[in-house]
Amino acid sequence: MHGPRVVSIVLALAAVSMLATGTLGFTSVSAERGVSVNVVDSEYAYVGVTACTPTHSENETGNGSGAGTADVYVTVTNQYSTPVVVEGIEGDGGNDGDLDDSRRVIPVGETKKYSLQFDAREVTVDVTADAFDATVTATVVEKQRKNCNPSQP
1 MHGPRVVSIV LALAAVSMLA TGTLGFTSVS AERGVSVNVV DSEYAYVGVT ACTPTHSENE
61 TGNGSGAGTA DVYVTVTNQY STPVVVEGIE GDGGNDGDLD DSRRVIPVGE TKKYSLQFDA
121 REVTVDVTAD AFDATVTATV VEKQRKNCNP SQP
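Residue numbers (full-length UniProt numbering): 1 to 153.
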C-alpha cells in the first residue's frame, strides 16, 4: 500500500510543480518573413520606367550650357488599376530631378514624360498608389536625339 501511495504522491507533486512553473514554452515569438518580387519587362509592369539621354555629336556639350549635366528623359507608364503618384526621380549620382507638383499624378493607363537635368547611368523612380509603394530602377540608354527627346504632353 505504501508503494502505490508514494507513487501517487510523487506524481501529484510533479503535476503541481509543472503547473507552478508553466509549460516551459516561449514568452515571445519573432519571425522573419520573406518577400517574393516578380520582375517583368517595363511594358508588362504595373509601373513601367524607361530612361534615355540623346547621343551628342563631338561639337555638342550635352545640354548646351557646359555645366556638366545632361538631359535625361524619363518616361513613367501607369498600368496599375488606380492612379499612381511619382514621389521622386533620382539619378545614381544622388541628384534629384525637380518635378512639378501638377505632373506627379499619373492616371490609369497613361504615360508621363519628364525632362531632367542631371548626369546618370541609372535613374530611380519612387511611386505610390493606394495599395503599394514601389521603387523602380532603369538604366539610362543613349538614343538618337529624335528618338529620345520626347515632346512634353
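Ideal placement from N, C-alpha and C gives every residue a C-beta, glycine not left out.
In three-state terms, what does DSSP make of residue i?
i           : result
G109        : coil
S28         : coil
residue 163 : With the chain covering only 1 through 153, there is no way to say anything about residue 163.
Y46         : coil
P54         : strand
Going by DSSP, name the residue or residues bridged to residue i.
i    : result
A138 : V123
I89  : V125
S115 : Y73
Would you mind sorting residue i into buried or exposed? The rule is 16 or more other CB atoms within 10 Å of its CB.
i   : result
I89 : buried
D71 : buried
L11 : exposed
L13 : exposed
Less than 8 Å between the C-beta atoms of residue i and residue j, yes or no?
i    : j    : result
T53  : V76  : no
V74  : V125 : yes
A45  : V140 : no
G134 : G91  : Sequence inspection shows Ala at residue 134; the Gly mentioned does not correspond to that position. No, they are not a contact pair.
L99  : Y114 : yes
T55  : K143 : yes
V136 : V47  : yes
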